[in-house]
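Engineer: Have a look at this one before I ask anything.
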Amino acid sequence: MTGPHRAPIDDAALDALFRGARTHNSFKPEPVSETTLRALFELVKMGPTSANGLPGRFVFVTSPEAKAKLVPALSSTNRDKTAAAPVTVIVAYDLRWIDQLPRFFPHTNAKAWFEGNDAAIEGGAQLNGSLMGGYLILAARALGLDTGPMGGFDRKAVDEAFFAGTTWRSNFLVNLGYGDGQNMFDRLPRPEFDEFCKIV
């Protein structure tokens, strides 16, 4: 039996997650606690991924030493804002994520679906790692944080600085903190439903 329909979240929550949320380029000089970062991951890990594979990996760059390793790999337009952000998350994925399938998808041999198919392994890592990065942005907003997701960096350099000798690979970056409302662009255009969508 199924229960009653779940009620939609209210407008305040929708505004916080989507309509009122913005990409932030500068943050208040207020740290983000480890407790908050741990709470963030507790939400992220609950989002769906193929075969519950959970290939996303996250490095929370907070220390001056770690920032000094990261910032040189960024494009010039991303360096200052990243250096000043309380946290920069390296959203990554693990190329050997299938090794965890017996643990996370234990009712069948899902690892056998991918073994020997490097394209499927990497494609699954990138796709589902990106999904987890999206969940991270929404979860951060739900916890009262602001986010500044970005590309614009040398992935090879980041991988060498943070993931040398491992099977982790960088995907994109997200600055985290409490936005100060400065250096923000005006809201950019969005399409109408009929431009990008079909009901068939």
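In numbering that gives the first Met the number 0, the protein residues as written are 0 to 199.
Cβ coordinates follow ideal geometry from the N, Cα and C atoms, glycine included.
For the alpha helix (DSSP H) containing R78, list its first residue and its last residue.
Structural biologist: Start and end: S75 to A83.
Engineer: For chain C, check one thing: does any of its Cβ atoms lie closer than 7 Å to the Cβ of P101?
Structural biologist: Although the question refers to chain C, the structure presented lacks it and comprises just one protein chain.
Engineer: So, does the segment 58-72 touch the segment 2-21, judging by three or more C-beta pairs under 8 Å?
Structural biologist: Cβ pair count under 8 Å is below three, so no.
Engineer: With G46 as the anchor, note down where its alpha helix (DSSP H) starts and where it stops.
Structural biologist: Here G46 belongs to no alpha helix (DSSP H), and DSSP marks it neither H nor E.
Engineer: Tell me where the alpha helix (DSSP H) around V157 begins and ends.
Structural biologist: Note, V157: alpha helix (DSSP H), R154 to F161.
Engineer: Once the 5 residues before and after R154 are set aside, which same chain residues still bring their CB inside 6 Å of it?
Structural biologist: Answer for R154: S169, listed in chain order.
Engineer: Roughly how many angstroms separate the alpha carbons of R95 and L42, rounded to a whole number?
Structural biologist: Distance between the alpha carbons of R95 and L42 is about 23 Å.
Engineer: What's the gap between the Cα of F59 and the Cα of N174?
Structural biologist: F59 and N174: Cα-Cα distance of roughly 9 Å.
Engineer: Smallest Cα separation from G180: which of F162, Y92 and K27?
Structural biologist: That would be K27, whose Cα lies nearest to the Cα of G180.
Engineer: Can you tell me where the beta strand (DSSP E) holding S169 begins and where it ends?
Structural biologist: From DSSP, the beta strand (DSSP E) with S169 extends over W167 to G176.
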